[in-house]
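Participant:
Protein chains: 2
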Amino acid sequence: MTKTLQVLLAERPTGLPTADTWSVVTTELPPLTAGQMLVKISFISLDPAMRGWLNDVRSYLPPVGIGEVMRALDIGTVVESRHPDFAVGDTVSGTFGVTEYAISDGRGVQRVDLNAASGPTWLGALGMPGMTAYFGLLEVGKLQPGDTVLVSAAAGAVGSVAGQIAKAKGATVIGIAGGAEKCRMLTEELGFDAAIDYRAGNVLRQVREVAPDGIDIYFDNVGGEILDAALANLRRGARVVLCGAISAYNEQKPPPGPSRYMSLLVFRASMIGFVVFDYADRYPEAGAQLARWLAEGRIKSREHVVEGGVAQFGDTLNMLFTGANTGKLVLAL
Amino acid sequence: MTKTLQVLLAERPTGLPTADTWSVVTTELPPLTAGQMLVKISFISLDPAMRGWLNDVRSYLPPVGIGEVMRALDIGTVVESRHPDFAVGDTVSGTFGVTEYAISDGRGVQRVDLNAASGPTWLGALGMPGMTAYFGLLEVGKLQPGDTVLVSAAAGAVGSVAGQIAKAKGATVIGIAGGAEKCRMLTEELGFDAAIDYRAGNVLRQVREVAPDGIDIYFDNVGGEILDAALANLRRGARVVLCGAISAYNEQKPPPGPSRYMSLLVFRASMIGFVVFDYADRYPEAGAQLARWLAEGRIKSREHVVEGGVAQFGDTLNMLFTGANTGKLVLAL
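Quick mapping for you: the protein sequence lines, in order, are chains A and B. Take numbering that gives the first Met the number 0: the last position of the first sequence gets the number 332, and nothing is skipped along the way. Take numbering that gives the first Met the number 0: the last position of the second sequence gets the number 332, and nothing is skipped along the way.
(1) Find the nearest neighbour of residue 99 of chain B within the set B:43, B:231, B:81 and B:306, judged by alpha-carbon distance.
(2) Hey, out of B:249, B:103 and B:67, whose CA is closest to residue 15 of chain B's CA?
(3) Between the stretch 74-89 of chain A and the stretch 26-41 of chain A, do at least 3 Cβ pairs fall closer than 8 Å?
(4) Give a yes or no on whether 8 Å exceeds the smallest Cβ distance from residue 271 of chain A to chain B.
(5) Assuming residue 238 of chain B and residue 212 of chain B are in contact, meaning their beta carbons sit under 8 Å apart, how far apart are those beta carbons, in whole angstroms?
(6) Using 10 angstroms around the beta-carbon of residue 120 of chain A, count the other beta-carbons present and answer buried if the total reaches 16, otherwise exposed.
(7) Please list the partners that residue 59 of chain A has in chain B, where partner means a Cβ-to-Cβ separation under 9 Å.
(8) Scan the stretch 239-256 of chain B for residues whose Cβ lies nearer than 7 Å to a Cβ of chain A and list them as they occur along the chain.
(9) With a threshold of 8 Å, are at least 3 pairs of Cβ atoms found where one atom belongs to the stretch 173-187 of chain A and the other to the stretch 21-29 of chain B?
(10) Check residue 302 of chain B in the structure and name its three-state DSSP category.
(11) Pull up the DSSP beta-bridge partners for residue 187 of chain B, would you.
(12) So, is the C-beta of residue 260 of chain A closer than 8 Å to a C-beta in chain B?
(13) What residues in its chain sit with their C-beta under 8 Å from that of residue 203 of chain B, if we drop five residues either side in the sequence?
(14) Just to confirm, are residue 256 of chain A and residue 269 of chain B a CB contact at a threshold of 8 Å?
(15) Compare the C-beta of residue 215 of chain A against all C-beta atoms of chain B and say whether one is closer than 8 Å.
(16) Taking the Cβ atom as the reference point for each residue, do residue 47 of chain B and residue 263 of chain B lie within a distance shorter than 8 Å?
(17) Look at the Cβ atom of residue 329 of chain B, then the Cβ atom of residue 122 of chain B, and state whether they are nearer than 8 Å.
(18) Taking the CB atoms as reference points, tell me whether residue 147 of chain A and residue 171 of chain A lie closer together than 8 Å.
(19) Judging by CA-CA distance, which residue of A:179, A:138 and A:176 is the nearest neighbour of residue 168 of chain A?
(20) Can the beta-carbon of residue 92 of chain B be found closer than 8 Å to that of residue 126 of chain B?
(21) Do residue 299 of chain B and residue 188 of chain B have their C-beta atoms closer together than 8 Å?
(22) Answer with yes or no whether the minimum CB distance from residue 304 of chain A to chain B is below 8 Å.
(23) Indicate the three-state DSSP secondary structure (helix, strand or coil) for residue 32 of chain B in the structure shown.
(24) For chain A, is any of its Cβ atoms less than 8 Å away from the one on residue 277 of chain B?
(25) Quick one: grab the DSSP three-state call for residue 235 of chain A.
(26) For residue 274 of chain A and chain B, any beta-carbon pair shorter than 8 Å?
(27) So for residue 321 of chain A, helix, strand or coil by DSSP?
(28) Check whether the Cβ atoms of residue 223 of chain A and residue 247 of chain A sit closer than 8 Å, and answer yes or no.
(29) Within a Cβ cutoff of 8 Å, which residues of the same chain sit near residue 272 of chain A, ignoring the five residues on either side of it in sequence?
(30) Locate the beta strand (DSSP E) running through residue 49 of chain B, then write down its first and last residues.
(31) How big is the Cα-Cα spacing for residue 310 of chain B and residue 174 of chain B?
(32) Which of the three DSSP states is assigned to residue 90 of chain A in this structure?
(33) In terms of alpha-carbon separation, which member of A:30, A:27 and A:52 lies closest to residue 12 of chain A?
(34) With a floor of 3 residues, list each beta strand (DSSP E) that falls wholly inside the stretch 76-131 of chain B, ordered by position along the chain.
(35) Compute the beta-carbon to beta-carbon distance between residue 156 of chain B and residue 191 of chain B, rounded to the nearest angstrom, for a pair I have assumed lies under 8 Å.
(36) Rounded C-beta distance between residue 177 of chain B and residue 322 of chain B? I'm assuming under 8 Å.
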């Protein structure tokens, strides 16, 4: 019998999650049955989308139930196996949740090679954020060489990869981030052509100054006023790729929505929502390409690793909503 | 020398246009020069888009200038010609403006056949509203047989044709209109499968009742709360076609925008703006198809003809914003 600490959803938050949102419990896992394996978790992914999974509304995934282990992607090691395809010692990624140990039947589990990339990178540039950036830009946004691409939350896990993919594909890339330090990183370390600090003044005017001819793709991770600033600066035929809306995730009332949405008509533009899971059968293609770009140094992975136990999950998650992280936020157990 | 009454833009309105918005003047037109013709106007088209042309903002057409003749589409008769392609007696359509007589060099002018359809129909189902409905649904919305299509302002010039095109193409069609009488017309005369009276209660719930499996295309002419109601009822892969936003045209502050726009992500849907002028080279194709459907009785043209002089233009235009018209609104001189 394996004992494990786990974080359960205790109650649904109405705004920013608090200590009351979570309960940390010790659970005894039952013995493995045939076809199962026991995974010891080393890294837990923290994602803005998690906030949405806490709401009791119809969405692209069912909400996490009260009393259930919080859903999360993880990297771990197989420590016991009755599964034909996984052996003790294998490093694996999967949706094991916020837990120290998990029993898995192997569904949705991938073997990962720590010689090729670190655990946090497998959760970041080579994980869901990388896939999201890849398919969002190339398939949904239909990126063309020469496009001017604007990315919000550009210092975050998805945005930082999206901007670098766009550069690798021959676009001009402008990132929006909070604070001079993140902006400096975008232009000096990640190769963005320009960076806009949304805390430093009117974003609409800043975008207009940096991209006076308008933008072809806006990759939106934030929603709110920044989405409106982008809509005011589209070029004809532009694509607004809706990846997230982190500015709204903790609002207790629905936020007002993009008042400039009729720019889509003026500019013959489109706003397109997507969910990366729809591209699951093409993850291998994207993963191989991203790994090549990483190996060639055309994409740099940025991770923000917090060391602690699963009990630190709640505080760590909230770092996403205050902008405390740069790059992929990971809890290392 | 021909004297003509004309309506000029006197000042830009901040809300609903008033008497002060317009000045009615008598102008003496100069003699024709080579390549010109004189057109006597019989029908002036009134379009919601006109309200946008009065604002001094960058859009898909330049704004009408202060002191300029108000831009309008018209049907008229050539009464004098020094143009090689048009003869006295020809009935023509063109952007002649709000005027009794206009001098034209023939650019953008089409000959129309009053034996095939009446002047108001040439401004309605066979004119820009028909083209807008046709390309908006078929090209922008990519209508498929079996789709469930929701149309707002469905008793208006564009909406009434859009709904009937969708029916002709094998879709299930739901119209939204204001009042029981318009709703009755949609289902009993125009063949809509269902009609929703937006004045009779919560539109979101009414759409859900009529289309419990969601909608594939929302053809939006109104914006505002009805757009949000549609966004809450999308089906996976839905297309929201942005044709207009009449609920906002006379607002003095930008309205809040669709707060449910993130439904686009949940439903992997897109919101697409378009301007019918981009399809100008395909107007003949659309016109021929619409004429066939009219002749076959698969599409019925509804027109609301107000008889009067050009001085009635301002009051007639405002009928669009109070919903006083059913079908294409036309001023017959």
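Just so you know, even glycine gets a beta-carbon here, dropped at the ideal spot from N, CA and C.
Facilitator: Per the coordinate set shown:
(1) On the second sequence, residue 99 of chain B is found 100 positions in, with the first residue counted as 1. With distances taken between CA atoms, residue 99 of chain B lies nearest to B:43 out of B:43, B:231, B:81 and B:306.
(2) Residue 15 of chain B sits at position 16 when you count from the first residue of the second sequence. Check the Cα spacing between residue 15 of chain B and each of B:249, B:103 and B:67: the tightest is with B:249.
(3) When C-beta atoms of the stretch 74-89 of chain A are compared with those of the stretch 26-41 of chain A, three or more pairs fall below 8 Å, so the two segments count as touching.
(4) The residue you call residue 271 of chain A lines up with position 272 of the first sequence. Any Cβ of chain B closer than 8 Å to the Cβ of residue 271 of chain A would place that residue at the interface, and such an atom is present.
(5) As a working note, residue 238 of chain B is residue 239 in the second sequence. As a working note, residue 212 of chain B is residue 213 in the second sequence. Not really, about 16 Å apart at Cβ, beyond 8 Å.
(6) Taking the first sequence and counting its residues from 1, one reaches residue 120 of chain A at position 121. Burial check for residue 120 of chain A: the Cβ neighbour count within 10 Å reaches 16 or more, so the residue is buried.
(7) Working through the first sequence from its first residue, we reach residue 59 of chain A at position 60. Near residue 59 of chain A (Cβ distances below 9 Å), the residues of chain B are 264, 265, 266 and 267.
(8) Per Cβ criterion, the list reads 241, 244, 253, 254, 255 and 256.
(9) No, the stretch 173-187 of chain A does not touch the stretch 21-29 of chain B.
(10) Your numbering for residue 302 of chain B matches position 303 in the second sequence. In the displayed model, residue 302 of chain B falls within a strand according to three-state DSSP.
(11) The residue given as residue 187 of chain B occupies position 188 in the second sequence. DSSP lists no partner for residue 187 of chain B.
(12) As a first step, residue 260 of chain A must be located in the first sequence, where it is residue number 261. Chain B contact via Cβ: present.
(13) Taking the first residue of the second sequence as position 1, residue 203 of chain B is located at position 204. Sequence-distant partners of residue 203 of chain B (beyond 5 residues in either direction) whose C-beta falls short of 8 Å from its own C-beta, in its chain, are 227, 228, 231 and 232.
(14) As a first step, residue 256 of chain A is located in the first sequence; it is residue number 257 there, counting from the start. As a first step, residue 269 of chain B is located in the second sequence; it is residue number 270 there, counting from the start. No, they are not a contact pair.
(15) In the first sequence, the residue the question calls residue 215 of chain A occupies position 216. With 8 Å as the cut-off, residue 215 of chain A does not count as an interface residue toward chain B.
(16) If you number the second sequence from 1, residue 47 of chain B lands on position 48. If you number the second sequence from 1, residue 263 of chain B lands on position 264. Going by C-beta atoms, residue 47 of chain B is not nearer than 8 Å to residue 263 of chain B.
(17) In the second sequence, counting from the first residue as 1, residue 329 of chain B sits at position 330. In the second sequence, counting from the first residue as 1, residue 122 of chain B sits at position 123. Yes, the Cβ-Cβ distance between residue 329 of chain B and residue 122 of chain B is below 8 Å.
(18) Position 148 of the first sequence holds residue 147 of chain A. Position 172 of the first sequence holds residue 171 of chain A. Here residue 147 of chain A is near residue 171 of chain A, since their CB atoms are less than 8 Å apart.
(19) What you label residue 168 of chain A is simply residue 169 of the first sequence in a count that begins at 1. A check of alpha carbon separations from residue 168 of chain A across A:179, A:138 and A:176 identifies A:138 as the nearest.
(20) As a position in the second sequence, residue 92 of chain B is number 93, starting the count at 1. As a position in the second sequence, residue 126 of chain B is number 127, starting the count at 1. Contact flag set, yes.
(21) Start at 1 with the first residue of the second sequence, and residue 299 of chain B comes out as number 300. Start at 1 with the first residue of the second sequence, and residue 188 of chain B comes out as number 189. Taking a C-beta distance under 8 Å as the contact criterion, residue 299 of chain B and residue 188 of chain B qualify as a contact pair.
(22) Translated into the one-based positions of the first sequence, residue 304 of chain A becomes position 305. Output row for residue 304 of chain A: interface = no.
(23) Position 33 of the second sequence, counted from the start, is the residue given in the question as residue 32 of chain B. Judged by DSSP in its simplified three-state form, residue 32 of chain B adopts coil rather than helix or strand.
(24) Numbered from 1 along the second sequence, position 278 holds the residue referred to as residue 277 of chain B. Judged by the 8 Å Cβ criterion, residue 277 of chain B is in contact with chain A.
(25) For the purposes of this step, residue 235 of chain A is taken as residue 236 along the first sequence, with counting starting at 1. Three-state DSSP puts residue 235 of chain A in a strand.
(26) Along the first sequence, one-based indexing puts residue 274 of chain A at 275. Taking a beta-carbon distance threshold of 8 Å, residue 274 of chain A counts as an interface residue toward chain B.
(27) Position 322 of the first sequence, counting from 1, holds the residue named residue 321 of chain A. Three-state result, residue 321 of chain A: helix.
(28) Taking the first sequence and counting its residues from 1, the one referred to as residue 223 of chain A is at position 224. Taking the first sequence and counting its residues from 1, the one referred to as residue 247 of chain A is at position 248. Yes, the Cβ-Cβ distance between residue 223 of chain A and residue 247 of chain A is below 8 Å.
(29) Counting from 1 along the first sequence, the entry for residue 272 of chain A is found at position 273. Within the same chain, residue 272 of chain A has close Cβ partners 241.
(30) Against the second sequence, residue 49 of chain B aligns to sequence position 50. Run containing residue 49 of chain B: none in the beta strand (DSSP E); it sits in the alpha helix (DSSP H), 48-52.
(31) Indexing the second sequence from 1 puts residue 310 of chain B at position 311. Indexing the second sequence from 1 puts residue 174 of chain B at position 175. Taken atom to atom, the span from the alpha-carbon of residue 310 of chain B to that of residue 174 of chain B is near 33 Å.
(32) Within the first sequence, the letter at position 91 stands for residue 90 of chain A. Residue 90 of chain A sits in a strand when the DSSP states are folded into three classes.
(33) As a working mapping, residue 12 of chain A is identified with position 13 in the first sequence. Across the set A:30, A:27 and A:52, the C-alpha of A:52 shows the shortest separation from the C-alpha of residue 12 of chain A.
(34) Here the runs fully enclosed are 90-93 and 100-103.
(35) Reading the second sequence from its first residue, position 157 is the one you call residue 156 of chain B. Reading the second sequence from its first residue, position 192 is the one you call residue 191 of chain B. Rounded to whole angstroms, the Cβ separation of residue 156 of chain B and residue 191 of chain B is 16 Å, and the two are not in contact under 8 Å.
(36) Residue mapping note: residue 177 of chain B aligns to position 178 of the second sequence, counting from 1. Residue mapping note: residue 322 of chain B aligns to position 323 of the second sequence, counting from 1. Going by Cβ atoms, the distance from residue 177 of chain B to residue 322 of chain B rounds to 5 Å, so yes, they are a contact pair.
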